[in-house]
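A.B. asks: I have a structure I would like to understand better, so I am pasting it below and will then ask my questions one at a time.
Number of protein chains: 2
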Amino acid sequence: MSQLHTADTRDPWQAPPVDDGDAERFCSTCVFGRVCMPQGFSKDALNRLHCLIEHVGPFQAGQTIFRINDPFSAVFSVRAGLVKTFVIDDKGREQVLGFYTPGELIGLDAVYPSRYPCNAVALDTTLLCRFSFGAMANLAQELPGLQQTLFQLMSKDISAALWGKGDYSAEEKFAGFLLDWGRRLARRGFSARNFNLPMARTDIASFLSLAPETVSRVIRKLSDDGVARFDRREVELLKPEALRKLASAIPNLGLD
Amino acid sequence: MSQLHTADTRDPWQAPPVDDGDAERFCSTCVFGRVCMPQGFSKDALNRLHCLIEHVGPFQAGQTIFRINDPFSAVFSVRAGLVKTFVIDDKGREQVLGFYTPGELIGLDAVYPSRYPCNAVALDTTLLCRFSFGAMANLAQELPGLQQTLFQLMSKDISAALWGKGDYSAEEKFAGFLLDWGRRLARRGFSARNFNLPMARTDIASFLSLAPETVSRVIRKLSDDGVARFDRREVELLKPEALRKLASAIPNLGLD
DNA sequence: GTTCCGGATTGATTGAAGTCAAGTAGGCGC
DNA sequence: GCGCCTACTTGACTTCAATCAATCCGGAAC
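First to last, the sequence lines map onto chains A and B. According to this note's numbering, the stretch in the first sequence is residues 1420 to 1675, in order. According to this note's numbering, the stretch in the second sequence is residues 1420 to 1675, in order.
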């Protein structure tokens, strides 16, 4: 593939590393923020750390970041955009495992089998930071803080994976999803009341193990009840308390 | 509480550390086996490692090992017996999160919040190894192999937590559960065809997000179809292939 | 503007599993 | 042995969400 394509269609993996001076803007909300940003680590360590981080992208909506069974070598932090991970079951139906918004980390579940256990695709124009896991682990050998960060991130992912286990009504699941999404955006300084649900209804439905029609009906019901206002993919939570009450059936498993 | 009770009712936490020379028997199947057993580590490291491992128990069936929100300091490896972890939702209903059979590790999901995110109780007379996580992490700082083991175990737990996510029929879920349980027993050298399901039907039901009645009916159906034979809690898989076909709907997410 | 298309919504019907209620069977203490 | 208690099973009925089928709507291309 030629390098002379437009920026939008070139192979995202071939994009040159960029230093666009946006560390403040992006890295401050990244889960690795405290690792990458110059505080607490020696200049030497930081230099080595920066050598093992690579900016990749942009990926356009629909482009694959990794495929199930690809050999594992790196985890990815979302800098901008949106990523979903999913598997395909034996009947060809897609099961969405997670959505990743800027600041969140993808791929820690691939460490053990040394292969990615799922597929990851961009749902929107997406920029990523690629962290070589082997190099990270080596560095963690010398930096207790980094080791601890990795342990914590992985531990958190266990709890996150357990989220929603149990049989809950469609309304409870969706309420929990809305609140969770708002909370994650709020971490980056956005409103937790007024936000965008940038993924397709079908993907939300798959993630919650519901039919798209059911999601539609739940949205209708929440609108009718005045609990939230939906306009296309925009959401405004009018009665967060009502949502919290609905979602309270779902245990939180140590997620903040 | 007096130390003069019978062995069976004394506080399990007060049991003195034992060196019953059973390392070969128990530790060889433990997930930490290669860590605890003298291979690849210096004598010094091993001594320090053994200092941070404590044998606890026996816990009798029904006894609590830790409670949700207890401050986290250690992970536990099951030496003998059976443990279940669970949370209680806001309506007082129990959601079982996992069962742990000898050789398996409990508590890695507690690292991040530094509190246990669930309860753990013994379902049978249970012996545990208690590993101080802080001490482990310190040691991992010097032993790359130990650090890698911890990363792998945590990564595996992420995939394990994701198991069964998706909407599957009661029969598919139960078939997957049977095969998974057999596989885990097989790791310890037991038969994967002929084994015991030592937990209550209610607990299996909760784990699979089914009603106990539904589990009963699925068992009945599998019996009628000649797929497996059930006698009380004993199981014999007569047509493992049929089970595998049923369970094939559930993606395996990198579990062996 | 008009057309086309895919995602989203709505309605009608079905079906799998939950609930409720009753009955059975082991295991244990006496 | 007997009774009791708990776990499990079975049957009848209900319900929530899936499925099937028909629109609807908004955005992109022309």
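Every residue, glycine too, gets a C-beta built ideally from N, C-alpha and C. Quick caveat: nothing in here was measured; it's all calculated off a predicted structure.
1) Could you check whether the region 1531 to 1551 of chain B touches the region 1502 to 1509 of chain B, counting it as contact only if at least three pairs of C-beta atoms, one from each stretch, sit closer than 8 Å?
2) Can you tell me whether Thr1425(B) is buried or exposed? The criterion is at least 16 other CB atoms within 10 Å of its CB, across all chains shown.
3) Where do the N-terminal and C-terminal ends of the alpha helix (DSSP H) with Gln1514(A) fall, by residue?
4) Tell me which residue opens and which closes the beta strand (DSSP E) that Ala1476(B) is part of.
5) Which residue comes first and which comes last in the alpha helix (DSSP H) that contains Ala1611(B)?
6) Compute the Euclidean distance between the alpha carbons of Val1637(A) and Arg1620(A), then round it to the nearest angstrom.
7) Exposed or buried, Thr1483(A), counting other C-beta atoms within 10 Å across all chains shown (16 or more means buried)?
8) Closer than 8 Å, Cβ to any Cβ of chain B: which residues of the region 1494 to 1517 of chain A, in chain order?
9) Counting only the same chain and skipping the five closest in sequence on each side, list residues whose C-beta sits under 7 Å from that of Arg1534(B).
10) Strictly by DSSP, which residues pair up with Val1502(A)?
11) Taking just the CA atoms, how far does Lys1462(A) sit from Pro1670(A)?
12) Go ahead and label Ile1472(A) buried or exposed: buried means 16 or more other beta carbons lie within 10 angstroms of its beta carbon, across all protein chains shown.
13) What is the C-beta distance between Glu1590(B) and Leu1656(B), in whole angstroms, given that I count them as a contact (C-beta under 8 Å)?
14) Shorter than 9 Å from the beta carbon of Pro1670(B) to some beta carbon of chain A?
15) What residue from Leu1572(B), Val1530(B), Pro1532(B) and Arg1512(B) has the CA that sits closest to Val1530(A)'s CA?
16) If you check the beta carbons only, do Ala1554(B) and Phe1485(B) fall under 9 Å apart?
17) Measure the alpha-carbon distance for Pro1436(B) versus Ser1447(B) and round it to whole angstroms.
18) Would you say the region 1594 to 1610 of chain B touches the region 1555 to 1575 of chain A, given that touching needs at least three Cβ pairs under 8 Å?
19) Going by other Cβ atoms of all chains shown within 10 Å of its Cβ, with 16 needed for buried, is Asp1643(B) buried or exposed?
20) For my contact list, Phe1570(B) and Leu1662(A) are in at a C-beta cut-off of 8 Å; report their separation, rounded to the angstrom.
21) Spell out whether any CB of chain B is found under 9 Å from the CB atom of Leu1629(A).
22) With a floor of 3 residues, list each beta strand (DSSP E) that falls wholly inside the region 1586 to 1673 of chain B, ordered by position along the chain.
23) Starting from Gly1481(B), find everything on chain A with Cβ-Cβ shorter than 8 Å and list it in chain order.
24) Spatial neighbours of Pro1536(A) within its chain, please: C-beta separation below 7 Å, excluding the five flanking residues on both sides.
25) Is it true that the CB of Glu1513(A) sits closer than 9 Å to the CB of Ser1625(A)?
26) Could you check whether the Cβ of Val1530(A) sits closer than 9 Å to any Cβ belonging to chain B?
27) Could you give the DSSP three-state label for Pro1490(A): helix, strand or coil?
28) Give the C-beta separation of Val1450(B) and Glu1523(B) to the nearest angstrom, bearing in mind that I take them to be a contact with Cβ-Cβ under 8 Å.
29) Closest to Tyr1587(A) by CA distance: which of Asn1557(A), Leu1629(A) and Phe1614(A) is it?
30) Could you name the residues that DSSP lists as bridge partners for Thr1483(A)?
31) Would you give the residue range spanned by the alpha helix (DSSP H) that Ser1574(B) belongs to?
32) Relative to the C-alpha of Val1497(A), which residue among Pro1477(A), Ile1623(A), Gly1645(A) and Ile1507(A) is closest?
33) Going by CA-CA distance only, name the one from Gly1526(B), Lys1575(B) and Val1646(B) that's closest to Lys1658(B).
34) Below 9 Å between beta carbons: does that hold for Leu1627(A) and Ala1580(B)?
35) Mind checking Ala1605(B): buried by the 16 CB within 10 Å criterion, or exposed?
36) Answer with yes or no whether the minimum CB distance from Gly1440(B) to chain A is below 9 Å.
C.D. replies: This is what the structure gives:
1) yes
2) Caution applies to Thr1425(B), whose pLDDT of 38 falls short of 50 and renders its modelled position unreliable; the value that the coordinates give is listed next. Exposed, by the Cβ-count rule.
3) Element bounds for Gln1514(A): not the alpha helix (DSSP H) but the beta strand (DSSP E), Glu1513 to Tyr1519.
4) Checking the sequence shown, residue 1476(B) turns out to be Gly, not Ala. Looking at the DSSP string, the run of the beta strand (DSSP E) that includes Gly1476(B) is Ile1472 to Phe1478.
5) Run containing Ala1611(B): none; DSSP gives neither H nor E here.
6) 11 Å
7) exposed
8) Val1506, Ile1507, Asp1508, Asp1509, Lys1510, Gln1514 and Leu1516
9) Asn1488, Asp1489, Pro1490 and Phe1491
10) Tyr1519(A) and Ala1541(A)
11) 42 Å
12) buried
13) That pair is no contact at about 14 Å.
14) yes
15) Leu1572(B)
16) no
17) Its pLDDT being 47, under 50, Pro1436(B) is placed unreliably by the model, and nothing is read from it.
18) no
19) exposed
20) The pair is not a contact, with the Cβ atoms about 36 Å apart (cut-off 8 Å).
21) yes
22) 1613 to 1615, 1647 to 1650 and 1653 to 1656
23) Per Cβ cutoff of 8 Å: no residues; Gly1481(B) is ~22 Å from chain A at best.
24) Ile1487, Asp1528 and Ala1529
25) yes
26) yes
27) strand
28) 7 Å
29) Leu1629(A)
30) Val1540(A)
31) Pro1563 to Leu1581
32) Pro1477(A)
33) Val1646(B)
34) no
35) exposed
36) Bear in mind that a pLDDT of 49 at Gly1440(B), under 50, signals an unreliable position, so the number given afterwards is only what the model happens to contain. False, the Cβ-Cβ gap to chain A never drops below 9 Å.
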